[in-house]
Each structure stands twice: as C-alpha cells, then as structure tokens.
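Residue numbers (mature numbering (1 follows the signal peptide of the UniProt record, and there is no 0)): -18 to -1, 1 to 913.
A virtual CB, placed ideally from N, CA and C, is assigned to each residue, including glycine.
Remember, it's a predicted structure, so these values are computed and weren't measured experimentally.
Reviewing the structure listed below.
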Amino acid sequence: MLCIWIFSCLLQLATIKSESRLKHLLQRLPGYCPESMVNGPVLNSPMFDLIPGVSKKSDGWVGLGCCELAISSECRRECRQASSKNDITKVCKKVTENSLYSCITKNEMGSTCCSYAGRHTTCREYCQAIFRTDSTPTVSQINAVKEYCQSHSAQLLSCVSNFTKSYPIRSPIDSLYCCDRAEATHCQVACKQILRTMSTEHEIMEGLIKECGSQPLPQEPMWQCFLGSAHPPSPPEEETPHIAKMDCAKLHCCSKANTSLCRDMCQEISTNWGSQTWQDFDQLCEYNPVETELINCLADVREPCQLGCKDLTYCTNFNNRPTELFRGCNVQADQGAMNDIKLWSNGTIKMPFMNIPVLDIRSCLPDMWKAVACSLQIKPCHSKSRGSVICKSDCVDILSQCGDKKRFHEGQTPERICELLSPIDDPERCIPLRRYLIPSSLGNDIVDEVIHPCNPNPCPSNHLCQVNRKGCLDELNCQPYLCVQVRCKLGEASEFLVQQDAPIQVPTRTGPAGCYEVCSCGLSGRLENCVEMPCVDTNKPCIVGGQRKKHGTSFTMDCRICFCFAGDTICSTKECFSQVSSDFGHQRFTGLPCSCPERFVPVCATNGRTYPSACVARCMGFKDHQFGFGQCRLGNPCAISQCRKTNSVEMCIPKYQVCLSDLSDCLQYECTGRPGSCDKNKVEPACDTDSQVYLSLCHLQQAGKVMAYMGQCQDTCRKPQQVCGHNGETYNTACEAFSDRMAVDYEGPCHAVGTVSEVASGSACSAVVCPALSTPGCQPVTPPGACCPICASMLQILWNKEQMNTFSKLNKNQPVTVHNVLQILRLHVSVPQCDVFGYLSIDHQLVVLIAPVDQQPTPLQIEACSKEAEKIDSLINNASPTLVSHVPLSAFLTSEIKTSFIHSSGSFVPLPLSPGLLLILALSVLAAHNC
C-alpha cells in the first residue's frame, strides 16, 4: 500500500510540465498524498532531483512552502535560499508581501501547536492539516483535532483553538470578488461559477487553471487576490468603509425570513462577507420550507432569471428555448451538470444535512438523472415560484426506483427524503422535467426571431450590459447591446452594479427592519450621499373587515386590488359594479371613476395627465382650479413659461410629462441654455420635423431644428398622421407616441374614452374604428381607458404616492414621472424584440405594456414579451431587490398581469405545464451562492 501511495503521488507530479504549476502543487502536496508520505518518502524520493526548479524542504525553515506567494521575483528567490524569517526581511517588505508573511506566520503557529502532539502521530497529522498553507480549516478538521487530541494534549487543543478563532473558516464564495480582477471576461464568468459549484481547494484551483488558461502566479491580479484572500489582513476599521463589507442586495432579503434565526444569519452574511455563517445558513435555512420567500429572494440576487438558453454541449435538450426563463444557462453550468453526473455515479448524493444512497444512475433512469443534473445547474425558473422546486411526486418516483434502499439510514424512505427536499407538488411551481428529456421543437430559423444580446454577458466586469434600443448612426458597426461603465456595487461582496448618480434604496446598516436610506453612486466608486427615509413599521397590521392583514400582503376588496402598508390599506380606485345600486335606480354604472358619463370632453390636470372629463378629474381629487379644458399635449406650455426671453440666454422647450409625486409643480417645459458644444460620445438619436436624424437632441438644437421625436427617423412617420394613445393624448405621428413610451390605441385624434372596468359596456368606443391585430389568432388585452385591444402583455401596478413624494423630496423636489419609471423598467426587458410602454390610468394605476416592436410580430416574439411581463410581475409582487432597489420602483406595491397569446387556431400555442414532471435535487450548496 505504501508503494502505491508513493507511486501515485510521484506520477501525478512527474507528469506536470509547467514549472510554476508544479511548484504550486508541491505546496498543496498534503491534499494529494497522505501527510506522512509528504514528510517522508515522497520528498526524499530521487525523482525530485530530476524535477527542475524544485528544492527539498530545508530543515527548520517553515516558510519554504510559502515562497511562491511572494509577489516580487527577488523576494521569492531570497525566500527559497533563506534558513529563517530574519533572512528575508530586507528584501521582502511586509507592506507589499502580506500573503507571504501571513503564510509564514501560519506555519510557525502550526509548528508550535503541533509539537505538543509528541509521539502521537495521528493527532499531529490532524493538527498539521489545520495549518496547511493551501487551505483554510474546516469544521470537520477542527472536530477531528478535538477527537484525536483531547486525551493527549490540552495545550495543543488550546493552541489550535486560539488560532481558529483568529483565523475564521472561509468559504470559496467569500473570494468571489477576486474573479472581477481577471482580465478576460470568460475567465471572470468561469471563476464565479467554479467558486459557486466546487467546494475543495483542489477542485477550485484545477478548475481555474483549466478555464482561465493561466498558472497561479501571484503577479497576476486575480491570483494575487486569491492567494491573499486565504490570509486576509485586518486593516483598521477606519481604513475599510463599512459598506465595503456588505451585500446590500442580499440585505434586502433578510426581512423576508419567517424565523428569527434565519433572519439573524441572513443579516450576518449580508453585512460581513468574511463570516462563515453561510455554512449554518445552508443547513438550517436553505432547505427550510418555511423560508421559501427568503430563499427565492436570495436566488434573485445571486442569479436573476433571464430569458433564453442556447449553445450548450452536454445539456443539449435545453438549447433553442428563447422564451423560457433560466438562472444559469451558460457553459459553466453545462460543465457542472456533467461533473454532477460523475459524482452521483459513485452511488451517493451528498446533501448539507444528509447523504442519499442511490443505485447506478448510468443504468437506472439515466436520461432522467441527466435532466435532473442539468436542471440543477441551469435552473429553469417559473415566474410564479422563481425557485428550483422539487415536485414531490417525481422525487418519490425516482428515489423509489433508483434509491439504494439497502443503504438508507434507519427511518429513511423516499417519501421522507422528498418531504424534506420538496413538500410541494403544485405543477405550476415545478419545472417540467420531461420537457427536457427531448430536444426543443423549435428550429434555428425560428429561434433567431428572438435574441438575447446580454445573455451571456459580452461586457467587461465593471460594465452593465443593456439592450441597445437607441440604434446607431453607423448601422454597419451597430451592436444589439450597449456596455455602460459603472463605478459602484451594492457592497464589495455584491455583484449588483449601480450606475453613476442613479438613486438606490438600501436597508440601513443598523436599525430595525423597514428602515432604508437612498444613496447614489459617487466618483469614489462607493455608495455615498445617503439620506435616511422614514422607517416603515413592518409589524403594524391592517384591520380589514375585522381581519388582520400582514404588512406587505395584497388582497382584493370587491373588484379593487389592495395592499397593506405599515397599517395603512392602499387600494386602487376602480369603480366596482354593484347590483344593489342598479336595483335602486342609482346612477348608471359606466365603468369610469365615480360612474362619470362616457362623453369625451378632455381636461388637463396639474399632474400633466389628460382626463376624459371634468367629472373624472374631480373624482380623482383635483379641484376646479387644478385643471383646464383641452388635452395636455395640444397646449403650448412655453406660452406661460418662466424662461428668460431676453438676450437669447435661455430657450423654452416643451417637456410633456405626467407626475406621480405632487410636492412640486409638474412643469411641462424645460429651460435650457443655447447649446454650445455637444458631447459626441453621447449617442441618443433624435429626429427633427424634416425627418433628419441627429446624434443627440443637443446636436438637433444646435442646428436650430425642431424635434419631432426621439430615435431614428422612420419612413412611415415622414408625413403627419394623427394617432390617439392609450393615455387619451393625440400625437402627430405614431413615432411621436412611441418616443413618449406610448402605444397607439387607434388612428386619428382622440375622441372617445374606454372604461376601466371589465363589466361596463364601453358604448362610447362604439364609433371608434380599431386597427386590425398585428398577428392573426392573437388573444389580445384591452388597457384600461382604451377603446381597442392590443397584442401585448399588460401590468397594472398599484403604487405608494407617499413614497413617491419622499423620493421627490430627497431629489431636491424634482418630480417623479411616469417616464422615469418606464425608462428604468426598460432595463429589465432583455429581448430587443419587446419594448416597454405605459401610462397613468384615469383611476391612477400605473399601466405598463410589454409589446412586440415589429409591425407584424411572430408568435414566438409575442410569447417572449409575455414571459418578460411575467418576470417583471413576479419581481414586483415578491419585492425582489433586483427591482425594488431602484428608485422610484421601490414604491411599487403589487401588480396584476394579463398576457396575450395565440389561439389554437393560430400558428402557435403555448406549451402547457405538465403536472408531476419535475425532480430538481438541490445537491450543491455552493452552486446557489453568489456572495
């Protein structure tokens, strides 16, 4: 047996051609061979004399194994030739060689502690494992020392205990930030996936060497960071801002915990990224069915659901799925699934809290196990649940057939195991595994109808990838995406990027749940200028009809959607049909607010919104002096502007907007100085009334032209042809409406209003000639207040006006507008074939349409827009940090969705979800963690 060990170790080392990699592996030799072999026959083997550049360990010099951690070549050379630490102090400066000295200190402590083991070889070996330079101590290693050494040396136990307390156990995910220091984008992506999915130092280092194509040289920024992160310095608190240790995106989730234990653990791992609470969190919370809301929230932060999957070589049945949501469709997940199958083929599926013995999965339902492994890594996510949930019936089925019951522990059964893994058997919250047992039915020509330019991310790590909706003046070199440089993250441990000057809402670092502050990304690269918001009493319930409603819950009363917010019940103002009122001869129900008459005599209110009549405006709270007759966009706001008109100092430019806050005037114009020089790097095309496109609005104004609309000039909009938008405003062209983020209701000027209730007759729209639907067979939606249906998906969002006012106040009383909200929401739609339109309805809900941009969209494009709408709807209703961190979207309370789809008589039918077809075993804790 001894010869086999020696031969195996030497053979593994002798086959390595790279000298630098060989030296690295020699430091890690205890991980490859038994420690007794390392200190004896292996290092004394004659073969080592044949390996270039390798020196045998000098007697008494504990720092030799640390020399390769030195950054400078002079220090490394001096270290190799030294016989003590004193010999290197002149060349190796502690300020720049922190990793080296940390390693030496650790070895010195290990030499001292383990000497107390005396002749007890087993105790000494377990002690030495604690102090290996290539890894950090694990819980099992510490427990092993206690078990084998407690009867031999109390001094050793005390010494080891003092060390482990000052040198906390670290998880691979604690070094995720190092990945951003890699120069190559593919290496950054691979690095993060490796740290999430692999647990041992050996697997991680080998994976990084393979994927990044470089050796672990300390001179390289990424490797320097990794090697240093294993021995983290402890700078004074004032040198490291507290925000750098946080992940504010994850901190958003902690209030969703149902148990105080998981809430406290969540706060610890979110405010101190070097802590080891993740290990306890995994065992106690990650698989706790009562913490589903918390776990799904953290999943959104780690790996947001994205549309589309392609280019996989192992999980090929997941390819060609452009309208399905996945958390991790990438090459690393593809490789991870293949590695999982290899591990499971050993006969045991290892869980954080149990091991599941299985039969040979290569012969027992192999296709199903492959689908399980691929689903685990790629993580399909339903919009309703957003989590990788096991369907209990399928879990029981596969473990009943493939579980090795002879090796089950006492009391283990497929039913009991699956009760822990997934007590849910709701097919709408499960991922249909059988869908992935066969390839997608879509061909390449159809798949190309929907593209995903930011999946995978083509941008550097310090850039945000955004869909290019502005177009390019140089069409030959136009990319479908934009890489926007950013300076800030929501904490050093976060991957949530923040654009400069963008207001972000984060939980306060100290204080109870419900306390937030609004910060902005400054030039320093950190969140700064933070201003605290009024705290929200999340413990205060709402009393509705004698029943208590918890803060943050939505419910319906009659036909209205309501939300409990810190004890206040906030409801939509939709007019509900009442049979009792009709029986007593009351005013006829029209479906408009206050059952106002259906006539269209528009008035413009001070919030910039056109209402169909004075009756509706009064019903929505406006006094007579707060509105005037006529549509807002048909007026000339510059006629009453305060811009200076002398000496040509300022110009007045109409700026029509609808305000959601009312702390300040909602001005419909903007005073600007006459443009001097324009920024040539700022490309946002603008079209003038002569159908000439300019690089930006500044360039258009510089030329003395009048803007028709933002965006590229369109041939269909060369001649004025009035259209009516869903907001009751008349636009000169459809392009002008689209530039205002407004979808077209019908052609011609506005002359009728639709109802906001499904049960009303809508007779006022009977004279309106509606355009034909863009796609035959489409089941459309009719937006509230509109006359005509549209083939799009619709969100009706209830929002908090008090919060909108707070955001306005924090922003120097600048109003929060519908346009602000829509521009941020556009960033969450990843398919360029779909765009965001919207308006404030006449009953003051925010209506958002996710609609195809092509004039004749394909069924696949319509489905893609529906999936994008479902994704955003889910983020709103679950208060996901990926959405509610953005101001002013954090004022959203709840959303209702209606989606378009193709009738069975059309060319496309959405695939139904098959019940009882999922089995996703959450077998890898690190795969879910993106700290």
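- Nearest C-alpha to Met692 among Asp672, Ala668, Gly493 and Gln683: Ala668.
- Shown here, Ile879 sits in a strand according to DSSP, grouped into three states.
- Burial is judged here by how many other beta carbons sit within 10 angstroms of a residue's own beta carbon; Gln805 has fewer than 16 and is exposed.
- The DSSP-derived three-state label of Trp781 is strand.
- Counting along the chain, no beta strand (DSSP E) covers Glu60; the unbroken alpha helix (DSSP H) around it starts and ends at Ser55 to Gln63.
- With fewer than three CB-CB distances shorter than 8 Å, the stretch 696 to 706 does not count as touching the stretch 640 to 656.
- CA-to-CA, the gap between Cys161 and Tyr821 works out to about 42 Å.
- A Cβ-Cβ distance of about 43 Å is found for the pair Gln843 and Glu188, leaving them out of contact under the 8 Å criterion.
- Annotation: the stretch 719 to 768 contains the following complete segments of the beta strand (DSSP E) (minimum length 3 residues), in chain order: 726 to 729.
- In the structure shown, Met320 falls within a helical segment according to DSSP collapsed to helix, strand and coil.
- Residue pairing from DSSP places Val488 in a beta bridge opposite Glu499.
- Looking at the DSSP output, Asn444 bridges to nothing.
- According to the DSSP secondary-structure assignment, Met336 is paired through a beta bridge with no residue.
- Contact between Arg591 and Cys614 holds: CB atoms are separated by about 7 Å, below the 8 Å threshold.
- Closest option to Pro584, judged by alpha-carbon separation, among Thr555, Asn426, Tyr593 and Cys248: Tyr593.
- Closest in C-alpha terms to Ala166, from the list Cys194, Phe145, Thr146 and Thr179, comes Cys194.
- Between Ala548 and Val518 the beta-carbon gap is near 5 Å, inside 8 Å, which marks them as a contact.
- Here the C-alpha atom of Cys291 lies approximately 5 Å from the C-alpha atom of Arg303.
- Leu341 and Leu325 have their alpha carbons spaced roughly 13 Å apart.
- Taking a C-beta distance under 8 Å as the contact criterion, Val735 and Gly759 do not qualify as a contact pair.
- C-alpha of Ser577 to C-alpha of Val798: approximately 29 Å in a straight line.
- Counting the other CB atoms within 10 Å of its CB gives Pro414 a total of 16 or more, which places it among the buried residues.
- With 16 or more neighbouring CB atoms inside 10 Å of its own CB, Val640 falls in the buried class.
- Judged by their CB atoms, Leu809 and Gln448 are nearer to each other than the 8 Å cut-off.
- Assigned with DSSP and collapsed to three states, Tyr269 falls in coil, not helix or strand.
- Counting only runs of 3 or more residues that sit fully inside the stretch 591 to 649, the beta strand (DSSP E) segments are 609 to 611 and 632 to 636, in chain order.
- When C-alpha distances from Leu139 are compared across Arg106, Pro203 and His733, the shortest belongs to Arg106.
- Within the same chain, and ignoring the five residues on either side of Ser862 in sequence, the residues whose Cβ sits closer than 7 Å to its Cβ are Cys279 and Asp282.
- Across the set Cys497, Pro834 and Gln132, the C-alpha of Pro834 shows the shortest separation from the C-alpha of Ile772.
- Inter-residue distance for Phe883 and Ser848 is about 8 Å (C-alpha atoms, whole angstroms).
- One Cα belongs to His391, the other to Thr330, and the distance between them is close to 13 Å.
- Taking C-beta atoms under 8 Å as the contact rule, Leu677 and Met689 fail to qualify, at a distance of about 13 Å.
- In the assembly as shown, Ser867 is a buried residue. Its beta-carbon has 16 or more other beta-carbons within 10 Å.
- In the same chain as Glu510, and ignoring 5 residues on each side of it, the C-beta atoms closer than 6 Å to its own belong to Gly504, in chain order.
- Beta-bridge partners assigned by DSSP to Gln529: Val526.
- In the three-state DSSP reduction, Pro396 falls in the helix class (H, G or I).
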